[in-house]
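Chemist: Below is the structure I would like to discuss, written out as structure tokens.
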Amino acid sequence: MDWELIFSRALSAGIGTEAVIYALAAIGLNIHFGYTGLLNFGQAGFLAVGAYGLATTITTFGLPFWLGVTVGLVGAVLFALLLGIPTLRLRADYLAIVTIAAAEIVRLVVRSVALRGTFGGTDGLDSFSGDFYALNPYSPGSYGFWLIKFDHRTLWVLTVGWILVAAACAVVYLVMKSPWGRVLKAIREDEDAVRSLGKNVFSYKMQALVFGGVVGSLAGFLFALSRAATQPDLFSTELTFFAYTVLILGGAARVAGPVVGAMIFWLLLILVKTGMEEAVNHQVITFITVNQVGSINYMLVGLGLILLLIYRPQGIFGDKREIALDAR
Amino acid sequence: MIRIAPIGRALAVATAASLALTACGGGEETAAPASSAPAETTTSAAAPAAGGDGVLTIGALLPQTGDLAFLGPPEFAGVKLAVKEINEAGGVLGKPVVEIDTDSGDTKTDIASQSVDKLLAQNTDVIIGAASSGVSKTVIDKITNAGVVQFSPANTSPEFTTYPDKGLYFRTAPSDVLQGRVLGDLILQDGSDTVAILNRQDSYGNGLADEVEKSVSGGGGQIVAKTPYDPAAADFSADVAKIKEANPKALALISFNETTKIIPELKKQGIGPDKIKIYFVDGNLADYSKDFPKGTLEGVKGTLPGAKSPDDFRQKLLAVDPSLKDYSYAPESYDATILSALAAEAAGSDAGTAVAGKLIDVSKGGEKCTDFAACLALLKAGKDIDYDGVSGPVEFSDAGDPSEATIGIYQYAADNTYANVTYLSGKVAG
Amino acid sequence: MVFTAFMGALLFALASPAFADGETLRGTLQNQGQPVTGVKITVTSGDGQPVGEATSDAEGKWEVPVPAAGSYQVTLDQATLPTGTVLRLKDRATLTVQVFEGNYRNVLFALASGNADGSGAQPDDGSSASSAFWTRVAQLAFEGLSLGLVIALGALGISLIFGTTGLTNFAHGELLTVGAFAALVLNTTLGLHLLVAAPLAVLISAAFGYGQERFFWGPLRNRKTGLVSMMIISIGVAIFLRYLVLFLFGGENVPYEQYVAQDGIQLGPISTTPKGLIAMGVEIVVLIAVGLALTYTRLGKATRAVSDNPALAASSGINVDRIVRIVWAMGAAVAGLAGIMLGTTQILNFQMGQQVLLLMFAGVTLGGLGTAFGALVGALVVGMFVQISTIWIPPELKTVGALAVLIIVLLVRPQGILGRRERIG
């Protein structure tokens, strides 16, 4: 078995594009769920809006890259408003069902045959990343140290990605320390109490939804750019659930929780996946085929999510008293 | 091979890294790689990350799971057989060729992208795949930007002919311009004047549907319905109802594995293979003896690019994989692998860009040869070669498409297996 | 190896000449399956030079060799058509056809019965189009009912489980999948006929539901696990079960052994299959039985009492835990049945349950979360809406319509059709 490959892949995944994308997605969820107590099950929709806002602007309409980024961000804001108006007054479980439905609507619309000319149908869109990679300051080649190696393109995505993660963390840290952030946390703890203090709960929730959604759309940009292509089915409900696993693993309502959660999640996931693949390829494990490794991996994610919530709902860093798991 | 020691180190570093990130909330990760960059960049001057390490590494990105999983085994067998023969003849540039198998999944999953990452991390020079045009499209930018050759044995979408692929995309399967023309002609020959097309909505389905439409209406037939469907749909009753409403005499069913859902729906709504003429294409021309009761598909016709693979080629494939049931795209996969090896040999380098530079050259214009050992001998003697493969003469156009091809016409028998009726050859252009 | 390639080359060489013997335009003239003879076909080159002409023979065939690849105009002389036969499309007597190098090209003239003045060429086009439209509407309504019944079976369980325990179970779709695949194992591996396998699989589903409650959800509730926590746990369960099925059975579509690709039968404007009708019959019977049981039996009344107010029900002597377990067993059994029916009328796939989960939620929400009869009504409405909406919207967007309606309903009447106001609080 090629241990070097296994650890190199796992370590690279731990700081690689997947970790960055899920860190950003989970930071957005943290604002929704961790701080405000909104059970948003539609984070995949925000990523899709970001990714497709960017890709459609550039590929379909031939407009410049920065306009694409703007469209993606504005799209995320609009999506949050559309989503928030009917749902934010509802109870947690209704909110969960409606947000999951809204994210599916986004996915089904962008993959639809009827709008193929705009969104590219099931194949999605490509050839939109040229301008982004033209900004790449690294000269072509392979960069890295020890087992971790990235090519110049991945390195550029990672540079931008980690800067965005750091910026998002900094903003979340500052904002949650501010009076505004304290109101959000108060809403999570007792909505009626906040209302009785004369605060407009709906408006605060909406602001949180927009804020977290915009962070999610940043993850969408990186998702699309790192692949240089975007497909609708990348934004299925499983993406949201993985982001929840990441968030709960790291610890909700903690600034660094989603970041550490994403790194550990991807490190472990790829470690297990590549490890099992190698074991199967070298006949160490003989009772399963390589194709089945993927499904075992997903089963472990499901199992991990169950066990985390039962035995350590606060994750690695969280505080049990701060998790909005009993909200109704 | 490094064993136990690095694991300890790896874990230590991982812990350290995560601690560091915890401290600062993430974001400082890029400093370290950048500082160690200059030492690395000198080794790989112009050519990006991949290649140039002296060993030709061929990555197979072919379907083990998903909609096209039935095409996977023959394609893998074709690649494996070629690698075996190349290595028996002494390898490329004096070193054995390394083959890495990965799964391409389908467009519903992110498997292909992850597989490509894995292949690129292992210094792959040529990626053989993917089978589905849709999947190829999702990874083509990633592969070609890394300076690696993408060489598909089964992509037939006309889109790839004009795709900006930096000269790194090739295929041994003919563009659907030809298959569409042959299929359209076949439908007219069978005397159907009103024709419906039910196609997968992806670059494969749309491309082929457009070509069939062009061919049918150009020859006097009438397309009464052209319905693209969502490949992941839970049921197809509404799509089939649309077709039924148009009341066609023939239906071209351009699909993959969804065929197992669509055929029962067609039968249910009374436009099954027993009522109207139904035509399959390469994406769904498969053995359905386990899926449908006897007689379901009797009389259904279909087209599949590729000449008949000779019996002894089939025997050799069976030696590689005894469980093979059909041979679709095995010759194309075999030829793609052999051609890549020959181009690397001709270029004197295994780097992706170098291989791409020679691929068109070894496919045409020169002394003809038909197997790796003979071609290798000619190349070593300093001659220009023209490789003629199992799948056909394989003459690449400047866009990296085969310019001539053969399309087989097949027909289903009562046991839901297909057999060849005839082969048609033609030039793709025009 | 040399031989292989030689064989390949030989075959190729053999194959090509058969079609390279000259570019030819040809065709067969038929009217309703009968050959049409004596019709003159003229071929001219792209620039108007005559190339050749032919007359259809006794089998309706004609053939005109052309000198080279290129574009040709093929004209059918309408005057030579037998009386009573006309071109179906009057403007297509002359076709411009591309002939490719080394290949023949088939040309087709669509013929129909009618008078030369063209009046009979396309008889009563308008009325047949509108009747085809209404046939489609009827067909879609029928499909909608069929889908609605499956959704209703699933939604019933979701609704009852929510009512009695407060859990929004995201793993309910997987109960359909598990039931369907349990039947598949009995059917294909053990070789039981589907009619035997299906009831056994429903029993297995019931046991699976009972076990889940007894050993998993019940203990979790006793630990005072929060409802949101349990909702996310149910997502974990869903992912785990879905990929367990993928692991065990693979990702391909698999059919049962019996009743595959049945011939359709025609009921007025509706085409269906015998198995489809039987499946619907079974579903209706089960739904009515469950409805009656809920309304009239002691157990049913107890269930409704628990779902109204568990604390009050407990204090009036109802064993709440027992009721909840029975609800789980029953919910899983009807969900398993829905899965088997879906597998019979369509096909089995590891995602089959997940694909209808959101529709089930839509049905439940539409009817009002927690009310069993609301779930039934809501599910039927959703099923009908999804299918009938394809008249106006593309089929692949039909789920979008249902989900959009779900959101709009929550905006206008958040408690659903039969729900009560305080539940949404």
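Chains as they are written, first to last, in the numbering used here: chain A, 56 to 383; chain B, 232 to 661; chain C, 94 to 518. For every residue, glycine included, the Cβ atom is placed at its ideal position computed from N, Cα and C. These numbers were taken from a predicted model, which means no experiment stands behind them.
1) Flag A/Q369 as yes if its beta-carbon sits less than 8 Å from any beta-carbon of chain C, otherwise no.
2) Using CA atoms only, rank isn't needed, just tell me which of B/V621, B/D629, B/A582 is closest to B/G731.
3) For the beta strand (DSSP E) holding C/P158, just list the boundary residues, first then last.
4) Below 8 Å on C-beta distance, what does C/G497 contact in chain A?
5) Starting from the beta carbon of C/T261, find every residue of chain A whose beta carbon is closer than 8 Å, and list them in chain order.
6) Excluding five sequence neighbours on each side, which residues of the same chain lie with their C-beta closer than 7 Å to the C-beta of B/V447?
7) Should the stretch 328 to 344 of chain B be regarded as contacting the stretch 289 to 302 of chain B, the criterion being three or more beta carbon pairs within less than 8 Å?
8) Less than 6 Å between C-beta atoms, sequence neighbours within five positions excluded: which residues of the same chain meet that for C/Q215?
9) Give me whichever residues DSSP pairs with B/S656 in a beta bridge.
10) Would you list, in sequence order, the uninterrupted beta strand (DSSP E) runs of no fewer than 3 residues that lie entirely inside the stretch 119 to 190 of chain C?
11) Might you give, ordered along the chain, the residues of its own chain that have their beta carbon closer than 6 Å to the beta carbon of B/T253, omitting 5 neighbours on each side?
12) With DSSP as the reference, label B/Q453 as helix, strand or coil.
13) Select from C/L279, C/R181, C/Q127 the residue whose C-alpha is nearest the C-alpha of C/Y349.
14) Should the stretch 103 to 121 of chain A be regarded as contacting the stretch 284 to 301 of chain A, the criterion being three or more beta carbon pairs within less than 8 Å?
15) Could you run through the stretch 336 to 350 of chain C and flag, in chain order, every residue whose CB is less than 7 Å away from some CB of chain B?
16) On the three-state DSSP scale, how would you describe B/V426?
17) What three-state label does DSSP hand A/E293 in the structure shown?
18) When the Cα of B/A465 is compared with those of C/Q447, C/P143, C/V475, C/G304, which residue comes out closest?
19) Tell me, please, whether the CB atom of C/P403 is closer than 8 Å to any CB atom in chain A?
20) DSSP puts A/S197 in a beta bridge; with which residues?
21) Check whether chain A comes within 8 Å of B/D432, counting only Cβ atoms and requiring the distance to be less than that.
22) Would you say A/G357 lies against chain C (beta-carbon separation less than 8 Å)?
23) Verify whether the separation of the beta carbon atoms of C/G434 and C/V375 is less than 8 Å.
24) Since A/I113 meets chain E, which of its residues come closer than 8 Å, beta carbon to beta carbon?
25) Taking Cβ-Cβ distances below 7 Å as the criterion, which residues of the stretch 415 to 427 of chain B are in contact with chain C?
26) For the stretch 507 to 595 of chain B, list the alpha helix (DSSP H) runs that are entirely contained and at least 4 residues long, ordered along the chain.
27) Using the three-state DSSP reduction, which class does A/A169 fall into: helix, strand or coil?
28) Which ranges does the beta strand (DSSP E) cover as unbroken runs of at least 3 residues, wholly within the stretch 363 to 438 of chain B, from first to last along the chain?
29) Please tell me whether C/A225 has its Cβ less than 8 Å away from any Cβ of chain B.
30) Would you report the Cα separation of A/A284 and A/L273, rounded to the nearest angstrom?
31) Based on Cα-Cα distance, which residue from B/I507, B/K475, B/Y618 lies nearest to C/F226?
32) Which same chain residues, not among the five before or five after A/F62, have their C-beta less than 8 Å away from its C-beta?
33) Output yes if chain B places a C-beta closer than 8 Å to the C-beta of C/D524; else output no.
34) Suppose you measure from the CA of B/I238 to the CA of A/K328; what does that come to, to the nearest Å?
35) Can you give the Cα-Cα distance for B/C255 and A/L229, rounded to whole angstroms?
36) Can you give me the C-alpha to C-alpha distance between C/D217 and C/S223, rounded to a whole angstrom?
Modeler: Based on what the coordinates show:
1) Taking the first sequence and counting its residues from 1, one reaches residue 369 of chain A at position 314. No, because no Cβ of chain C sits closer than 8 Å to the Cβ of A/Q369.
2) Coverage of chain B is limited to positions 232 through 661, which leaves residue 731 of chain B absent and any answer about it impossible.
3) Translated into the one-based positions of the third sequence, residue 158 of chain C becomes position 65. Counting along the chain, the beta strand (DSSP E) containing C/P158 begins and ends at 154 to 158.
4) For the purposes of this step, residue 497 of chain C is taken as the residue at position 404 of the third sequence. It is Ala, not Gly, that sits at residue 497 of chain C in the sequence shown. In chain order: I160.
5) In the third sequence, residue 261 of chain C corresponds to position 168, counting from 1. Those are D148, A151, I152, listed as they occur along chain A.
6) Translated into the one-based positions of the second sequence, residue 447 of chain B becomes position 216. Excluding positions up to five away in sequence, the list reads G415, I418, L419, V426, I454.
7) yes
8) One-based indexing of the third sequence puts residue 215 of chain C at position 122. A caution first: C/Q215 carries a pLDDT of 48, below 50, which makes its placement in the model unreliable, though a value can still be read off. Closer than 6 Å at Cβ, skipping near neighbours: no residue.
9) Against the second sequence, residue 656 of chain B aligns to sequence position 425. In the DSSP output, where bridge partners are listed per residue, B/S656 has B/T637.
10) 133 to 138, 143 to 148, 154 to 158, 163 to 169, 178 to 180
11) Locating residue 253 of chain B in the second sequence gives position 22, counting from the first residue. In this prediction, B/T253 has a pLDDT of 39, which is less than 50 and means its spatial position is unreliable; nothing more can be read from the coordinates.
12) The sequence position of residue 453 of chain B within the second sequence is 222, counting from 1. B/Q453 falls in the strand class under three-state DSSP.
13) Counting from 1 along the third sequence, the entry for residue 349 of chain C is found at position 256. Ranking the options by Cα distance to C/Y349, first place goes to C/L279.
14) yes
15) G344, E345, N346, P348
16) As a position in the second sequence, residue 426 of chain B is number 195, starting the count at 1. B/V426: strand per DSSP, three-state reduction.
17) Locating residue 293 of chain A in the first sequence gives position 238, where the first residue counts as 1. Note: A/E293 maps to helix in three-state DSSP.
18) Working through the second sequence from its first residue, we reach residue 465 of chain B at position 234. Comparing Cα-Cα distances from B/A465 to each of C/Q447, C/P143, C/V475, C/G304, the minimum goes to C/Q447.
19) Counting from 1 along the third sequence, the entry for residue 403 of chain C is found at position 310. No, its Cβ sits nowhere closer than 8 Å to a Cβ of chain A.
20) Along the first sequence, read from residue 1 onward, the residue named residue 197 of chain A stands at position 142. DSSP output for A/S197 lists A/D206 as bridge partner(s).
21) In the second sequence, counting from the first residue as 1, residue 432 of chain B sits at position 201. A small correction: the amino acid at residue 432 of chain B is Gln; Asp does not occupy that position in the sequence shown. By this cut-off, B/Q432 is an interface position.
22) Here residue 357 of chain A refers to the residue found at position 302 of the first sequence. For A/G357, the answer is yes, since a Cβ of chain C falls inside 8 Å of its Cβ.
23) Counted from its first residue, the third sequence places residue 434 of chain C at position 341. Counted from its first residue, the third sequence places residue 375 of chain C at position 282. It is Met, not Gly, that sits at residue 434 of chain C in the sequence shown. Yes. Within cutoff.
24) Considering every chain present, this structure includes no chain E. Its protein chains are A, B and C.
25) D416, L419, Q420, G422, D424
26) 542 to 551, 561 to 578, 583 to 594
27) Sequence index remark: in the first sequence, residue 169 of chain A carries index 114 (1-based). Coil, per DSSP.
28) 380 to 383, 400 to 402, 425 to 431
29) The count along the third sequence starts at 1 and reaches residue 225 of chain C at position 132. Yes, C/A225 lies at the interface with chain B (some Cβ there is under 8 Å from its Cβ).
30) Locating residue 284 of chain A in the first sequence gives position 229, where the first residue counts as 1. Locating residue 273 of chain A in the first sequence gives position 218, where the first residue counts as 1. A/A284 and A/L273: Cα-Cα distance of roughly 16 Å.
31) Working through the third sequence from its first residue, we reach residue 226 of chain C at position 133. Looking at the Cα atoms, B/K475 is the closest of the given residues.
32) Residue 62 of chain A sits at position 7 when you count from the first residue of the first sequence. These residues qualify, in order along the chain: L202, L326.
33) Chain C is shown from 94 up to 518; residue 524 of chain C falls before or after that span and cannot be answered.
34) As a working note, residue 238 of chain B is residue 7 in the second sequence. As a working note, residue 328 of chain A is residue 273 in the first sequence. Residue confidence is low: B/I238 scores 43 on pLDDT, short of 50, so the model does not pin down where it sits. Its coordinate-derived value is still stated next. Those two C-alpha atoms are separated by around 16 Å.
35) In the second sequence, counting from the first residue as 1, residue 255 of chain B sits at position 24. In the first sequence, counting from the first residue as 1, residue 229 of chain A sits at position 174. Note that B/C255 has pLDDT 41, beneath the 50 cutoff, so the model's placement of it is unreliable and the number below is only indicative. Each residue's alpha carbon lies about 14 Å from the other.
36) What you label residue 217 of chain C is simply residue 124 of the third sequence in a count that begins at 1. What you label residue 223 of chain C is simply residue 130 of the third sequence in a count that begins at 1. The pLDDT assigned to C/D217 is 47, lower than 50, so where the model puts this residue is not dependable, and the model offers no usable value.
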